[in-house]
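S.K.: So that we are looking at the same thing, I have put the structure below in structure tokens.
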């Protein structure tokens with residue numbers, strides 16, 4: 006409620022400066038993180054494969070490390086580690102305050118200055134942006150598990166993101182992902198699921214909202230009774246056709262309309278809009294670039310989409326991941 010905003014800001018600003026951490030608080034929370042990793046990753050074959058695929062895609066960049074961390078590293082974390090992290094990163098110059106709701110800037114600014122303006126800056130945080138060496142050969146990772154019911158296939162490519170792309174490339178890749186796999190009328194779904202009946206699902210996605218390079222991906226689940234090789238070959242044929250003939254003006258128009266409509270719907274949500282803005286600002290974008298997103302999407306040309314596809318969808322620079330069922334060992 007609006008009348009609780011000042012109390013929330015008071016409590017949160019206090020947490021930024023006066024947090025007390027002891028073994029009594031930290032060690033049980035470390036166990037909670039370990040349990041979260043066990044339930045979400047270590048006991049989830051799909052998540053395990055995703056970690057392996059990310060590590061294969063990024064050989065040198067920290068993006069190869071899962072956000073939650075590796076189990077053996079979490080086990081070694083100490084209270085002092087938590088304090089060091091808190092003192093370094095929980096500082097005003099590394100924070101973004103976003104408030105959404107029934108309040109305007111002239112009402113909010115005095116509260117922000119009252120509770121956050123008095124907090125001293127921390128040391129400047131220097132991010133060492135590690136570069137990724139050129140990928141010269143395709144890579145493939147596979148995982149078989151008795152907990153898997155059907156084959157799932159994916160292919161990932163490193164691509165430029167919002168912050169690292171030049172011109173309209175990132176927006177062109179968003180349009181490309183929508184054309185390839187954004188809906189039931191997309192190329193991959195229509196071609197592999199509807200027309201050929203080879204797949205239960207097929208799609209494409211693009212993750213541009215990163216400080217460094219993003220990822221473009223394809224996904225496929227073969228229909229029961231269809232060999233993976235058959236479905237995989239058919240998808241590869243669709244990609245070759247795309248690279249040879251390009252996309253059509255009609256596909257571009259449909260994709261733009263779908264993307265912009267989806268963004269308008271997302272911004273109508275009181276919780277989604279500030280999260281989207283916060284993510285954008287935290288990864289090097291600006292309010293101006295966020296507000297200009299629909300115009301940038303609408304400005305994408307057919308030539309830009311085709312150029313982006315031919316730049317990113319290079320087989321030698323891909324990582325293929327396969328999740329397979331495995332019969333449980335008989336006792």
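Numbering (the working numbering), first residue to last: 6 to 336. Just so you know, even glycine gets a beta-carbon here, dropped at the ideal spot from N, CA and C. It should be emphasised that the depicted structure is a prediction, and the values quoted were computed from it without experimental measurement.
1) So residue 299 is in the alpha helix (DSSP H); what residue range does that whole segment cover?
2) In three-state terms, what does DSSP make of residue 252?
3) When the Cα of residue 160 is compared with those of 65, 294, 57, which residue comes out closest?
4) To which residues does DSSP link residue 158 through a beta bridge?
5) Inspect the CB distances between the region 230-247 and the region 193-204 and report whether three or more fall short of 8 Å.
6) Considering only C-alpha positions, which residue in the set 282, 59, 52, 78 is nearest to residue 36?
7) So, using beta-carbon positions, are residue 134 and residue 216 closer together than 9 Å?
8) Kindly identify the DSSP beta-bridge partner or partners of residue 1.
9) Residues in its own chain within less than 8 Å of residue 190 by CB, not counting five upstream and five downstream?
10) If we count the other Cβ atoms within 10 Å of its Cβ and call it buried at 16 or more, is residue 17 buried or exposed?
11) Find out if the Cβ-Cβ distance for the pair residue 337, residue 19 is shorter than 9 Å.
12) Which stretch, first to last residue, makes up the alpha helix (DSSP H) that contains residue 92?
13) Do residue 167 and residue 21 count as a contact pair if the criterion is CB distance below 9 Å?
14) Could you tell me the distance, in whole angstroms, from the CA atom of residue 9 to the CA atom of residue 15?
15) Kindly indicate which residue of 187, 220, 230, 130 has the alpha-carbon position closest to the one of residue 264.
16) Does the region 65-77 come within contact of the region 100-111, defined as at least 3 CB pairs closer than 8 Å?
17) State the Cα-Cα distance for the pair residue 331 and residue 97, rounded to the nearest angstrom.
18) Taking contact to mean 3 or more Cβ pairs, one atom from each stretch, closer than 8 Å, check whether the region 144-164 and the region 109-124 are in contact.
19) Just the C-alpha distance for residue 169 and residue 29, rounded to the nearest angstrom, thanks.
20) If you draw a straight line from the alpha carbon of residue 132 to that of residue 94, how long is it in whole angstroms?
21) Give every residue of the same chain whose Cβ lies closer than 7 Å to the Cβ of residue 244, excluding the five residues on either side of it in the sequence, and list them in chain order.
22) In chain order, what residues of the same chain lie with their CB nearer than 7 Å to the CB of residue 287, ignoring the 5 residues before and after it?
23) Do you know how far the Cα of residue 224 is from the Cα of residue 232?
24) Return the Cβ separation of residue 213 and residue 222 in integer angstroms, given the expectation that the two are a contact with Cβ distance under 8 Å.
25) Return the CA-CA distance between residue 53 and residue 323, expressed in angstroms with no decimal places.
26) Sorted by chain position, which residues of the same chain lie with C-beta nearer than 7 Å to residue 165's C-beta, five sequence neighbours on each side aside?
27) Would you decide whether residue 227 is buried or exposed? Buried here means 16 or more other CB atoms lie within 10 Å of its CB.
M.R.: According to the data block:
1) As a first step, residue 299 is located in the chain shown; it is residue number 294 there, counting from the start. 298-303 is the extent of the alpha helix (DSSP H) around residue 299.
2) Residue numbering aside, residue 252 sits at position 247 when the chain shown is read from its first letter. DSSP places residue 252 in coil when its eight states are reduced to three.
3) Taking the first residue of the chain shown as position 1, residue 160 is located at position 155. With respect to the C-alpha of residue 160, the residue from 65, 294, 57 having the closest C-alpha is 57.
4) Stepping through the chain shown from its first residue, residue 158 is reached at position 153. According to the DSSP secondary-structure assignment, residue 158 is paired through a beta bridge with 225, 327.
5) Taking 8 Å as the limit for Cβ pairs, the verdict is that the region 193-204 does touch the region 230-247.
6) In the chain shown, counting from the first residue as 1, residue 36 sits at position 31. Measuring C-alpha to C-alpha distances from residue 36 to each of 282, 59, 52, 78 identifies 78 as the nearest.
7) Taking the first residue of the chain shown as 1, we reach residue 134 at position 129. Taking the first residue of the chain shown as 1, we reach residue 216 at position 211. In contact: residue 134 and residue 216 (Cβ atoms closer than 9 Å).
8) Lying before the first or after the last residue shown, residue 1 is absent from the chain, which here runs from 6 to 336.
9) Here residue 190 corresponds to residue number 185 of the chain shown, with the count starting at 1. Its chain contains 259 as the residues whose beta carbon lies nearer than 8 Å to that of residue 190, once the 5 sequence neighbours on both sides are disregarded; these appear in chain order.
10) Within the chain shown, residue 17 is the residue found at index 12, counting from 1. By the beta-carbon neighbour count (other beta carbons within 10 angstroms, threshold 16), residue 17 is exposed.
11) In the structure as shown, the chain starts at 6 and stops at 336, and residue 337 therefore has no counterpart that could be examined.
12) Walking along the chain shown from the start, residue 92 turns up at place 87. Counting along the chain, the alpha helix (DSSP H) containing residue 92 begins and ends at 84-94.
13) As a position in the chain shown, residue 21 is number 16, starting the count at 1. As a position in the chain shown, residue 167 is number 162, starting the count at 1. Taking the C-beta atoms as reference points, residue 167 is found no nearer than 9 Å to residue 21.
14) By one-based count along the chain shown, residue 9 stands at place 4. By one-based count along the chain shown, residue 15 stands at place 10. Roughly 10 Å between the two C-alpha positions.
15) To locate residue 264, count along the chain shown from 1; it is residue 259. With distances taken between CA atoms, residue 264 lies nearest to 187 out of 187, 220, 230, 130.
16) Not touching, per the Cβ criterion.
17) Walking along the chain shown from the start, residue 331 turns up at place 326. Walking along the chain shown from the start, residue 97 turns up at place 92. Approximately 50 Å between the Cα atoms of the pair.
18) With the cut-off at 8 Å, the region 144-164 and the region 109-124 do not touch.
19) Position 164 of the chain shown holds residue 169. Position 24 of the chain shown holds residue 29. Taking the straight line joining both Cα atoms gives about 43 Å.
20) Your numbering for residue 132 matches position 127 in the chain shown. Your numbering for residue 94 matches position 89 in the chain shown. Taking the straight line from one Cα to the other gives about 12 Å.
21) Taking the chain shown and counting its residues from 1, one reaches residue 244 at position 239. These residues qualify, in order along the chain: 318.
22) Looking up residue 287 in the chain shown gives position 282. By the criterion of a C-beta distance shorter than 7 Å, residue 287 is surrounded in its chain by 101, once the five residues flanking it on both sides are discounted.
23) Locating residue 232 in the chain shown gives position 227, where the first residue counts as 1. Locating residue 224 in the chain shown gives position 219, where the first residue counts as 1. Between residue 232 and residue 224, the alpha-carbon positions lie close to 15 Å from each other.
24) Here the question's residue 213 lines up with position 208 in the chain shown. Here the question's residue 222 lines up with position 217 in the chain shown. Not really, about 12 Å apart at Cβ, beyond 8 Å.
25) By one-based count along the chain shown, residue 53 stands at place 48. By one-based count along the chain shown, residue 323 stands at place 318. Between residue 53 and residue 323, the C-alpha separation is close to 19 Å.
26) For the purposes of this step, residue 165 is taken as residue 160 along the chain shown, with counting starting at 1. Cβ neighbours of residue 165 beyond the five flanking positions: 174, 175, 218, 219.
27) Counting from 1 along the chain shown, the entry for residue 227 is found at position 222. Around the beta carbon of residue 227, a 10 Å sphere encloses 16 or more other beta carbons of the protein chains shown; the residue is thus reported as buried.
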